[in-house]
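Report on the following structure.
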Amino acid sequence: MLRQLDEIRLDALNELAQVDEVEEVEAWRVRYLGKKGNVTRILRSLASLPLDQRKLVGAQANALKEELQLSLVDRRKFLEETHLRLTADRRRLDITLPGRPVPVGRFHPITRSLEEICGVFKNMGFQVLEGPQVEWDYYNFEALNIPRDHPARDMFATLWIDSETSGKARLLRTHTSPMQIRIMEKGCLPIRAIVPGRAYRYEATDATHESMFYQVEGLAVDKDITLADLKGTLFEFCHCLFGKERKIRFRCDYFPFVEPGVEVAVECLSCGGEGCRLCGHSGWLEILGAGMVHPDVLQRCGIDPEEYTGFAFGMGVERIPMLRYGIDDIRLFYANDLRFLKQF
Ligand code: PHE
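For the sequence shown, the positions run 1 to 344 when this note's numbering is used.
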């Protein structure tokens, strides 16, 4: 038995000295010290030996086990260190070099404008809702008092998905106003909601037109809502975004789904109202259309116009950073040129 232990010892240490991969150390451990390993087997068989031999062999076997365990730790450490040194040499890792800069991302200027606009209305108690970009003719036009053949359809060059003449035609929404109908139809009153989202128009692109752009729609329906509430809300919004000093113009306009309809313009930031290319030499930049929700529209959504009134507004989002930063071409937002986007 003792001789056997000696043999195991020699074999084990010999083999271990030849192990030169960290991964192989484990196989060696299993072979000698594992549950079915050579040393373990001897320790297990002690019980069958006469008492005097049992003591002797037991002590020897335990000593061997301990020796092998220590050798294993040593070998593993040695291999790991060698491995590290070799890879360091091979890759010439200079740990004193400064790290490579990790480029930090940023939000798109339109995303930031959307958050800012929604933030102002959230503070006034409006909830933020979203709706489908592929819309039915009914929501985009019919329910908003724009039946087929109504001249106002010309205001919205439409990208149709189905033929316009089919009874239930789908289209890419030309504004976010269809969400007015979807919200009112639900019948939860009173309403204070804003809807940020994309809209589409079938137009040639130029410095101020894109076929895809963002709008934010607003809708408030309640008892006793008046034009003064609309004006107050929109003036407060303009002051938050453009500062208290900036002049704001509020005047009549026409949209089939509101009565009366208004338009809000802000003093041109680029020329301070003097007139320049950006504002078409008028000194003013229109940023939104609005008005009191037309009684027919309320009625169509199951709301009694004798009891409830409401206001709605819709603004172009790109206009706002264009005004702010003097950007003179809307197409820059969607060209994905990092040199442009990095500036914000
Ligand atoms: N939807 C209109 C547009 O895109 C704007 C608008 C919204 C006007 C709500 C009045 C009320 O031009």
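C-beta: ideal position from N, C-alpha, C; glycine also. Values in this document were obtained by computation on a predicted structure and should not be read as measured data.
Residue nearest to residue i in terms of C-alpha spacing, selected from the options
| i | options | result |
| --- | --- | --- |
| residue 330 | 211, 135, 116 and 281 | 211 |
| residue 286 | 144, 170 and 262 | 262 |
| residue 165 | 143, 202 and 148 | 148 |
| residue 61 | 33, 322 and 103 | 33 |
| residue 307 | 317, 295, 318 and 170 | 295 |
| residue 244 | 235, 133 and 27 | 235 |
| residue 225 | 316, 312 and 250 | 312 |
| residue 130 | 80, 94, 182 and 117 | 182 |
| residue 38 | 240, 152, 340 and 4 | 4 |
| residue 300 | 273, 107 and 257 | 257 |
| residue 70 | 9, 213 and 233 | 9 |
| residue 7 | 197, 64 and 133 | 64 |
| residue 174 | 253, 128 and 154 | 154 |
| residue 272 | 260, 252 and 247 | 247 |
| residue 177 | 107, 276 and 291 | 291 |
| residue 266 | 21, 116 and 239 | 239 |
| residue 293 | 145, 151 and 321 | 145 |
| residue 117 | 95, 80 and 215 | 215 |
| residue 186 | 83, 303 and 104 | 303 |
| residue 112 | 40, 276, 82 and 196 | 196 |
| residue 315 | 213, 322, 198 and 289 | 289 |
| residue 213 | 109, 253, 250 and 227 | 109 |
| residue 237 | 49, 264 and 74 | 264 |
| residue 76 | 52, 59 and 21 | 21 |
| residue 128 | 180, 53 and 339 | 180 |
| residue 252 | 231, 134, 242 and 241 | 231 |
| residue 284 | 254, 250, 260 and 317 | 250 |
beta-carbon residue i near the ligand PHE non-hydrogen atom, thresh 8 Å
| i | result |
| --- | --- |
| residue 189 | no |
| residue 130 | no |
| residue 199 | yes |
| residue 217 | yes |
| residue 237 | no |
| residue 209 | no |
| residue 180 | yes |
| residue 176 | yes |
| residue 126 | no |
| residue 121 | no |
| residue 269 | no |
| residue 265 | no |
| residue 297 | no |
| residue 288 | yes |
| residue 141 | no |
| residue 310 | no |
| residue 184 | no |
| residue 258 | yes |
| residue 155 | yes |
| residue 250 | no |
| residue 255 | yes |
| residue 243 | no |
Beta-ladder partner(s) of residue i, from DSSP
| i | result |
| --- | --- |
| residue 179 | DSSP, once it has assigned bridges, lists no residue as partnering residue 179. |
| residue 217 | 195 and 314 |
| residue 170 | 136 |
| residue 209 | 206 |
| residue 159 | 172 |
| residue 222 | 309 |
| residue 200 | 212 |
Within-9 Å CB hit, residue i to chain C
| i | result |
| --- | --- |
| residue 298 | Looking at the structure shown, chain C is missing, and only one protein chain is on hand. |
With a floor of 4 residues, list each alpha helix (DSSP H) that falls wholly inside the stretch 99-139, ordered by position along the chain.
-> 109-123
Stretch pair the stretch 133-144 + the stretch 112-125: three plus CB contacts closer than 8 Å | no
Scan the stretch 247-320 and note each continuous alpha helix (DSSP H) run of 4 residues or more that stays entirely inside, going in chain order.
-> 295-300
Alpha helix (DSSP H) runs contained entirely in the stretch 19-90, provided each spans 4 or more residues = 22-33 and 38-45
Can at least three beta-carbon pairs, one atom from the stretch 219-230 and one from the stretch 182-196, be found at a separation below 8 Å?
-> yes
For the 8 Å Cβ check, are there 3 or more pairs between the stretch 194-208 and the stretch 325-340?
-> yes
On the three-pair Cβ rule with 8 Å, is the stretch 38-56 touching the stretch 19-29?
-> no
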